[in-house]
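Below: the structure, in structure tokens.
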Amino acid sequence: MNKERNFTPDIIVASPGRINFIGGHTDYNNGFVLPAAIDKKIKFEFCKNNTDHICNIYSKNYGKSLVVNLKQVKPSKENWENYILGVLHQLLKRSDRIKGFDCIITSELAIGSGLSSSAALECGFAFGINELFQLNISKLEIAKLSRDAEHEYVGTKCGIMDQYASVFGEKDKVLFLDCKSLEYELIPMNLNDYKILILNTNVEHNLSTSNYNQRREQCEQGVKIIKQKYPKVNSLRDVDLKTLKNVKNDLPELIYQRCLYIIQENERVQNAAQFLAKDDLNNFGKLLYECHEGLRYQYEISCAELDYLVDFSKDKEYVLGSRMMGGGFGGCTVNIVQSDHVDQYIKDISKAYHTKFNITLDAFLVTPSQGTHQEIVHAKKE
Ligand code: GLA
């Protein structure tokens with residue numbers, strides 16, 4: 000399908016990517032995270048096509064179409080298609096009201112960059128179909144079914160953070176989310192004369208999905224061992240430092256380090272939320288550096304390119320904090336940089352990065368923004 004000409008949408012949906020200030024890999028351990036939706040998004044234009052079960056989906060970025068028969072939804076060999084198909088599969092389990100539709104997707108989010116273009120795609124797509132066919136699925140359910148789609152059709156055993164942030168984000172606010180209870184608090188982000196700078200390494204190392212799933216399994220392995228002495232423990236959220244020390248000898252060293260990182264990170268997120276609420280960006284930034292060290296040495300999901308960017312910033316007093324984001328092994332760093340220095344800093348770090356790795360660095364500013372929402376569509380001409 001290339002219906003760009005003559006395509007008049009019934010509804011338009013915008014679904015943002017996300018940043019996560021702190022709380023790396025804590026979400027699937029029932030822990031705390033501190034993400035925000037951003038002003039970079041995926042746009043979806045939907046219209047019903049008066050068929051019973053044929054859907055035409057066109058990705059402008061890929062220049063590719065996907066035709067889906069709602070009676071035969073199954074995984075595909077094309078990765079991007081699985082995000083769409085996985086969501087359709089989940090929606091069809093919940094409703095029989097979905098009929099044929101056309102959809103055009105346009106993205107401002109680089110794939111695999113750690114800004115969670117995947118959650119934006121899943122949640123925006125689910126949100127749009129929910130609106131188009133009035134399925135009455137709640138926002139929370141949209142986040143959950145999008146996560147389940149990623150587990151089942153894409154194969155990444157992700158947590159709930161990305162989908163939650165993409166759906167529930169608000170302008171100028173950061174979400175302090177408890178991934179156990181799924182309750183959250185919105186903390187205003189007063190940046191004053193600082194900016195949020197994203198640096199994209201433009202590397203995505205192989206095996207990032209399998210390494211991600213492996214980290215999750217290692218944490219689960221830790222829980223299993225701890226549970227033998229402490230039967231009430233169901234996730235690392237239920238384990239404090241003292242308990243972990245008590246079982247240190249029962250845990251393989253590597254598993255101990257993974258668990259230690261998660262427990263310390265949960266503590267950091269809670270402290271970071273307090274600093275942010277007090278507009279104390281200095282101490283907030285220090286925790287971002289600590290988080291990166293933990294991900295680098297204890298959780299071991301960083302890479303040379305990410306470490307280089309974080310290390311480069313360390314002696315610059317105008318950078319308050321820097322750390323890698325997302326699943327790991329590539330993608331972006333998030334940095335808090337004083338406004339006056341942003342332009343020069345981008346020039347310096349881009350040059351140094353290029354000299355070191357012969358890769359072009361992408362740099363852009365983001366602000367906390369509204370979560371997945373419907374945009375106004377002008378009246379259709381009959
Ligand atoms: C990816 C996953 C999230 C989360 C982060 C790491 O973005 O999708 O669920 O685990 O990595 O914090």
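Position 19 of the sequence shown, counted from 1, bears residue number 18 in numbering that gives the first Met the number 0, the numbering being contiguous throughout. Using N, Cα and C, we set each Cβ at its ideal position, and we do this for glycine too. All values reported here derive from a predicted model rather than from experimental measurement.
Just the Cα atoms here: how many angstroms apart are residue i and residue j?
i, j, result
"Glu266", "Tyr260", "10 Å"
"Thr354", "Lys244", "44 Å"
"Lys143", "Leu181", "11 Å"
"Ser389", "Asn49", "Here the chain covers residues 0 to 381 and nothing more, so residue 389 does not appear."
"Asp249", "Gly293", "22 Å"
"Ser234", "His204", "29 Å"
"Ile335", "Tyr211", "26 Å"
"Gln373", "Gly123", "9 Å"
"Gly22", "Ile375", "35 Å"
"Val86", "Tyr57", "16 Å"
"Ala303", "Leu69", "44 Å"
"Thr197", "Arg236", "Here the sequence assigns Ile to residue 197, which means Thr is not the residue at that position. Cα-Cα distance, rounded: 29 Å."
"Phe20", "Asp51", "44 Å"
"Phe311", "Tyr288", "12 Å"
"Tyr82", "Tyr152", "7 Å"
"Glu390", "Leu360", "Here the chain comprises residues numbered 0 to 381, so residue 390 is not present and cannot be evaluated."
"Asp9", "Gly99", "13 Å"
"Cys218", "Asp26", "12 Å"
"Tyr61", "Leu305", "27 Å"
"Val238", "Cys258", "9 Å"
"Phe175", "Gly168", "11 Å"
"Thr200", "Pro230", "43 Å"
"Ile195", "Phe363", "9 Å"
"Ile18", "Leu134", "29 Å"
"Tyr193", "Val72", "47 Å"
"Gly330", "Met324", "7 Å"
"Ala351", "Asp342", "15 Å"
"Gly127", "Ser368", "19 Å"
"Ile37", "Gly113", "12 Å"
"Ser94", "Leu84", "15 Å"
"Gln89", "Ile141", "10 Å"
"Pro251", "Gly221", "9 Å"
"His291", "Leu280", "17 Å"
"Gly158", "Tyr344", "33 Å"
"Tyr183", "Leu139", "12 Å"
"Asn282", "Asn28", "25 Å"
Name, in chain order, the residues that DSSP records as bridge partners for residue i.
i, result
"Ile103", "Glu44 and Tyr57"
"Pro367", "Ile37"
"Ser64", "Tyr57"
"Leu185", "Leu174"
"Gly320", "Ile335"
"Lys226", "Per DSSP, none; premise fails for Lys226."
"Tyr193", "Gln337"
"Asp361", "Asn199"
"Val32", "Leu176"
"Glu374", "Ile11"
"Gly329", "Glu203"
"Ile18", "Ala35"
Just mark residue i as buried or exposed, buried being the case when its beta carbon has 16 or more other beta carbons within 10 Å.
i, result
"Tyr296", "exposed"
"Glu149", "buried"
"Lys63", "exposed"
"Gln227", "exposed"
"Thr371", "buried"
"Asn129", "buried"
"Glu264", "buried"
"Thr332", "buried"
"Ala35", "buried"
"Asp101", "buried"
"Gln162", "buried"
"Val66", "exposed"
"Ser209", "exposed"
"Leu253", "exposed"
"Leu33", "buried"
"Leu240", "exposed"
"Asn191", "exposed"
"Asn189", "exposed"
"Ser301", "buried"
"Val12", "buried"
Taking residue i and residue j to be in contact with their CB atoms under 8 Å, please state how far apart those CB atoms are, rounded to whole angstroms.
i, j, result
"Arg96", "Phe132", "5 Å"
"Ser116", "Gly16", "6 Å"
"Ala125", "Leu108", "Not really, about 17 Å apart at Cβ, beyond 8 Å."
"Asp171", "Pro187", "6 Å"
"Val246", "Ile224", "7 Å"
"Arg215", "Lys156", "5 Å"
"Leu286", "Ala271", "5 Å"
"Lys40", "Ser14", "6 Å"
"Gln337", "Tyr307", "Going by Cβ atoms, the distance from Gln337 to Tyr307 rounds to 21 Å, so no, they are not a contact pair."
"Cys46", "Thr105", "Not really, about 15 Å apart at Cβ, beyond 8 Å."
Let me check you understand the geometry: is the CB of residue i closer than 7 Å to at least one non-hydrogen atom of the ligand GTP?
i, result
"Gln256", "With respect to small molecules bound, the structure shown includes the ligand GLA and not the ligand GTP."
(request) Would you list the residues whose beta-carbon is nearer than 5 Å to any heavy atom of the ligand GLA, in the order they occur in the chain? (result) Gly23, His24, Asp26, Cys157, Gly158, Met160, Asp161, Gly325 and Gly326
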